[in-house]
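Notes to accompany the following structure.
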Amino acid sequence: MEQTSARSRTSLLVPVVISLLVIAALFLVFRDAEETEKKKEPASAPVVEKVDLKHLPASSTKTVIKAAPRDPRPTKVPKGTVVHPKRMLALYDEPDGTAFAKIGPKQFGETWLPVITRNSEWVQVMLPSKPNGSTGWLRTSDVQEAHSRFLVKVHLGARSLELYENNEQVGTWPVAIGAPATPTPTGRTFVLGQISDEKQPFSPVILPLGSHSDTLDSYGGGPGTVALHGWTDPAVFGQAVSHGCVRVPDDALALLRTIPIGTPVLVDKA
16 MEQTSARSRT SLLVPVVISL LVIAALFLVF RDAEETEKKK EPASAPVVEK VDLKHLPASS
76 TKTVIKAAPR DPRPTKVPKG TVVHPKRMLA LYDEPDGTAF AKIGPKQFGE TWLPVITRNS
136 EWVQVMLPSK PNGSTGWLRT SDVQEAHSRF LVKVHLGARS LELYENNEQV GTWPVAIGAP
196 ATPTPTGRTF VLGQISDEKQ PFSPVILPLG SHSDTLDSYG GGPGTVALHG WTDPAVFGQA
256 VSHGCVRVPD DALALLRTIP IGTPVLVDKA
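Taking the working numbering, the leading residue of the sequence shown gets 16, the next gets one more, and so forth.
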């Protein structure tokens, strides 16, 4: 009888154990499925602060924006990366910082700005507004990126201009620079645009830069923007006689007019 009773108890326990094992297995299956679904959920998009652009000053060759950060390395040669704002964008004083100005897709034609620093989500760019050496930060997702293979160097001491393509010098020329009372500003800047006018008496092409005269608030009806342009009298080349612009020979101008907007220009005292 005891053996029969033991067998009976065992036969009763077997279904219970099987049921518990099935429940445990189902729990593990559903838990794994839930964890898999969690892994599939996309990461939440970063929160982008909306800025009221209407109340921000526009960065252009005609404006002064004192809040703009200054160029931290004004003598360093940029790598040639340039960016184009896809629309009117806020400029920030640092990544995820405070918006201090705005910049649009048009200046003298399309806006292309040299990149001087970057991280995965932001680029620091040179600006066309005063004071000289102004910079700002833009989100990489808001800009179109390109590369200029050219670099322009202006040496005030030697009164010469060099043009480089892919780090190889393609030409060097004597130029006229700013007179002592109206010197050509030093530092790095960029080609802001190209103005073509065959009827212009002194130069059929003018290349405005992102820099301005340090001594003239205005000149010729403009805001004192420094430019590269030609000149009718070759006797000026090698002289310090201009109001701050760099006057170049015809053959130099013929090449300079082919370089893209945004090309870096480095002006030093060498």
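Here a beta-carbon is modelled for each residue, glycine too, at the ideal position from N, C-alpha and C. If you're wondering where the values come from, they're calculated on a predicted model, not measured in any experiment.
Next on the checklist: Tell me the DSSP secondary structure of E49 in three-state form.
Outcome noted: The residue labelled residue 49 in the question sits at position 34 within the sequence shown. Low per-residue confidence applies at E49: pLDDT is 43, beneath 50, and the placement is therefore not dependable, though the value from the model is reported in the following sentence. Residue state, collapsed to three classes: helix.
Checklist entry - Which runs of the beta strand (DSSP E) spanning at least 3 residues fall entirely within the segment 154–207, listed in chain order? => result Those beta strand (DSSP E) runs which fall completely within the segment 154–207 and span 3+ residues are 158–162, 165–170, 175–180, 183–189, 202–205.
Checklist entry - From the DSSP output, which residues share a beta bridge with H244? => result Along the sequence shown, read from residue 1 onward, the residue named residue 244 stands at position 229. Answer is I221, R262.
Item to check | Residue nearest to E125 in terms of C-alpha spacing, selected from G148, H70, G208, G186 | outcome: Counting from 1 along the sequence shown, the entry for residue 125 is found at position 110. Ranking G148, H70, G208, G186 by Cα distance to E125 puts G208 first.
Checklist entry - For E160, which of P200, A191, G277 has the nearest alpha-carbon? => result Along the sequence shown, read from residue 1 onward, the residue named residue 160 stands at position 145. Taking only the C-alpha atoms, the option nearest E160 is G277.
Checklist entry - Would you say R272 and V220 are within 8 angstroms of each other, going by their C-beta atoms? => result Residue mapping note: residue 272 aligns to position 257 of the sequence shown, counting from 1. Residue mapping note: residue 220 aligns to position 205 of the sequence shown, counting from 1. The answer is yes: Cβ separation under 8 angstroms.
Next on the checklist: For L224 and W137, I'd like the C-alpha separation in whole angstroms.
Outcome noted: Counting from one through the sequence shown, the residue named residue 224 turns up at place 209. Counting from one through the sequence shown, the residue named residue 137 turns up at place 122. Distance between the alpha carbons of L224 and W137: 24 angstroms.
Checklist entry - When burial is assigned at 16 or more other CB atoms within 10 Å of the CB, is Q184 buried or exposed? => result Position 169 of the sequence shown, counting from 1, holds the residue named residue 184. A residue is called buried once 16 or more other Cβ atoms fall within 10 Å of its Cβ, and Q184, having fewer, is exposed.
Item to check | Close Cβ partners of G186 (< 8 angstroms) along its chain, the five nearest in sequence each way excluded | outcome: Against the sequence shown, residue 186 aligns to sequence position 171. Closer than 8 angstroms at the Cβ level, and outside the excluded window around G186, lie E177, L178, D266, A267, L270.
Checklist entry - Run through DSSP, which three-state label would L104 get? => result Taking the first residue of the sequence shown as position 1, residue 104 is located at position 89. Strand.
Item to check | Extent of the continuous beta strand (DSSP E) to which T278 belongs | outcome: One-based indexing of the sequence shown puts residue 278 at position 263. First-last for T278: undefined, no H or E at that position.
Item to check | Cutoff 6 angstroms; reference R85; Cβ partners in own chain excluding five residues on either side | outcome: Here residue 85 corresponds to residue number 70 of the sequence shown, with the count starting at 1. Excluding residues within five positions, the ones whose Cβ falls inside 6 angstroms are G148.
Checklist entry - Among V190, G259, S218, which one has its Cα closest to the Cα of V251? => result Translated into positions along the sequence shown, residue 251 becomes position 236. With distances taken between CA atoms, V251 lies nearest to V190 out of V190, G259, S218.
Checklist entry - For P129, which three-state DSSP category applies? => result Counting from 1 along the sequence shown, the entry for residue 129 is found at position 114. Reduced to three states, the DSSP call for P129 is strand.
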